[in-house]
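Colleague: Heads up, the sequence shown is in this note's numbering, so the first residue is 17 and it goes up one at a time.
I have a structure here, written as structure tokens, and I will follow up with some questions on it.
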Amino acid sequence: MNLQTIDRLAYALTAMNNAGREVVLVTSGAIGVGLAAQHLTERPQAIAEQQALAAIGQSSLMRLYGERFSDYGAAIAQLLLTHDVFDFPESRQHVLDTITQLLAQHVIPIINENDSVATDELDHKTTFGDNDQLSALVATSIDADLLIVLSDIAGLYDQNPRRHPDAALIPVVAGPAALGQVHASGAGSRFGTGGMVTKLNAARTMMAAGKQMVLCSGADPKILLQVLAGQPVGTWFEAKEGQS
Ligand SMILES: Nc1ncnc2c1ncn2[C@@H]1O[C@H](COP(=O)(O)OP(=O)(O)O)[C@@H](O)[C@H]1O
Ligand SMILES: N[C@@H](CCC(=O)OP(=O)(O)O)C(=O)O
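What follows is the structure in structure tokens.
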């Protein structure tokens, strides 16, 4: 676990919250923290083992967030969601009502997939759903102005920079037609799951809802403050051509 990054994330999100922004955090990490707790170095293949690790890791992850956010004086809450919550209007509405209440009370909702009850239906197949899509689903459902995706990479490149050192960062992708031209592939690290493909799916969801998304490095979460200041960091996905 990268405690310094979590600390900086808590700092940046609290600063945003204090400035009057409504902040919702979608976080991964349950399985990763579970792996560390069980002294494992590789993610197991079996779904049941991964679900058990998520159950172990999620509570530690939240304890950590709880400590860090309270250091900065922010209150947090946990929501664990599965994709089907959004398929049923009543359950979707209950989730939205909960988030609305939390935001009204200046509490920062922290959302992860409820990995231990997630099934292998939908597009989960042999793996869990990805938090890139979940974050886009949440962002569009709550009518968020902006989705910021913090990744292990500085943004979208014209080809996978792990394989092509001469790859160039794409600062803006304006509209679905431009997104259609982009090449991307799967996960870049041992712990990442979806790779760029799932991030582009998230961007597609945001664009379809007429919303912006920024993809940037999560190495130093203070980058969030730069994004909100409109600085040209990472890749900005605009809903339409000519918006940036
Ligand atoms: N065109 C591309 N631009 C940037 N990254 C790419 C691209 N194609 C594939 N990737 C890979 O996607 C990875 C990011 O996805 P992933 O590892 O799942 O990240 P995270 O853990 O942040 O969700 C990058 O580290 C990189 O290896
Ligand atoms: N819900 C899972 C992670 C899902 C996921 O999208 O992971 P990642 O690709 O690391 O963002 C967890 O908390 O471990």
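Glycine included, C-beta positions come from ideal geometry on N, C-alpha and C.
All figures in this text were calculated on a predicted structure; none of them were measured in a lab.
Could you pull out every unbroken beta strand (DSSP E) segment of at least 3 residues lying fully inside the stretch 67 to 99, listed in chain order?
Modeller: 92 to 97
Colleague: Identify which residue in R220, V123 and V49 has its Cα closest to the Cα of V189.
Modeller: Position 173 of the sequence shown, counting from 1, holds the residue named residue 189. When each option's Cα is compared against that of V189, the closest is R220.
Colleague: Between E129, V213 and L51, which has its C-alpha nearest L95's C-alpha?
Modeller: On the sequence shown, position 79 is the one that residue 95 refers to. The shortest Cα separation from L95 among E129, V213 and L51 belongs to E129.
Colleague: Quick one: give me the first and last residue of the beta strand (DSSP E) that E129 is part of.
Modeller: The residue given as residue 129 occupies position 113 in the sequence shown. DSSP places E129 in the uninterrupted beta strand (DSSP E) bounded by I124 to E129.
Colleague: Could I get the ranges of all uninterrupted alpha helix (DSSP H) runs contained in the stretch 142 to 186, with 4 residues as the minimum, in chain order?
Modeller: Within the stretch 142 to 186, the runs of alpha helix (DSSP H) at least 4 residues long that lie entirely inside it are, in chain order, 147 to 157.
Colleague: For V243 and V230, what's the separation of their Cα atoms in angstroms?
Modeller: Counted from its first residue, the sequence shown places residue 243 at position 227. Counted from its first residue, the sequence shown places residue 230 at position 214. C-alpha separation (whole angstroms): 8 Å.
Colleague: Assuming L241 and A90 are in contact, meaning their beta carbons sit under 8 Å apart, how far apart are those beta carbons, in whole angstroms?
Modeller: If you number the sequence shown from 1, residue 241 lands on position 225. If you number the sequence shown from 1, residue 90 lands on position 74. Wrong, their Cβ atoms sit about 15 Å apart, outside the cutoff.
Colleague: How would you label T98, buried or exposed, when you count the other beta carbons within 10 angstroms and need 16 or more for buried?
Modeller: On the sequence shown, residue 98 is found 82 positions in, with the first residue counted as 1. Under this definition T98 is a buried residue.
Colleague: What are the boundary residues of the alpha helix (DSSP H) that includes V49?
Modeller: Counting from one through the sequence shown, the residue named residue 49 turns up at place 33. Counting along the chain, the alpha helix (DSSP H) containing V49 begins and ends at A46 to A53.
Colleague: CB of N18 to nearest heavy atom of ligand 2: below 6 Å?
Modeller: Sequence index remark: in the sequence shown, residue 18 carries index 2 (1-based). No - ligand 2 has no heavy atom lying nearer than 6 Å to the Cβ of N18.
Colleague: Please report the distance separating the alpha-carbon of A46 from that of S76.
Modeller: The count along the sequence shown starts at 1 and reaches residue 46 at position 30. The count along the sequence shown starts at 1 and reaches residue 76 at position 60. C-alpha separation (whole angstroms): 8 Å.
Colleague: Tell me whether A64 sits in a helix, a strand or coil according to DSSP, three-state version.
Modeller: Taking the first residue of the sequence shown as 1, we reach residue 64 at position 48. Helix, per DSSP.
Colleague: Within 10 angstroms of the Cβ of E254, are there 16 or more other Cβ atoms? Answer buried if so, exposed if not.
Modeller: Numbered from its first residue, the sequence shown carries residue 254 at position 238. Answer is buried; the Cβ neighbour count reaches 16.
Colleague: Looking at L166 and S151, is the spacing between their C-beta atoms short of 7 Å?
Modeller: In the sequence shown, counting from the first residue as 1, residue 151 sits at position 135. In the sequence shown, counting from the first residue as 1, residue 166 sits at position 150. Going by C-beta atoms, S151 is not nearer than 7 Å to L166.
Colleague: What separation, rounded to the nearest whole angstrom, lies between the Cα atoms of N34 and A71?
Modeller: Residue mapping note: residue 34 aligns to position 18 of the sequence shown, counting from 1. Residue mapping note: residue 71 aligns to position 55 of the sequence shown, counting from 1. Their backbone Cα atoms lie some 31 Å apart in a straight line.
Colleague: Quick one: residues in its chain with C-beta nearer than 6 Å to the C-beta of T116, no 5 flanking neighbours on either side, listed in chain order?
Modeller: Here residue 116 is taken as the residue at index 100 of the sequence shown, counted from 1. Nothing meets the Cβ criterion.
Colleague: Which residues in the same chain as Q67 place their Cβ atom closer than 7 Å to its Cβ, once the five residues preceding and following it in sequence are excluded?
Modeller: Within the sequence shown, numbered from 1, the residue matching residue 67 stands at position 51. For Q67, where only same-chain residues beyond five positions count, the Cβ hits under 7 Å are D131 and S132.
Colleague: Check Q228 in the structure and name its three-state DSSP category.
Modeller: As a first step, residue 228 must be located in the sequence shown, where it is residue number 212. Strand, per DSSP.
Colleague: Could you tell me the alpha carbon to alpha carbon distance between V40 and S107, rounded to whole angstroms?
Modeller: The residue you call residue 40 lines up with position 24 of the sequence shown. The residue you call residue 107 lines up with position 91 of the sequence shown. In a straight line, the C-alpha of V40 is about 19 Å away from that of S107.
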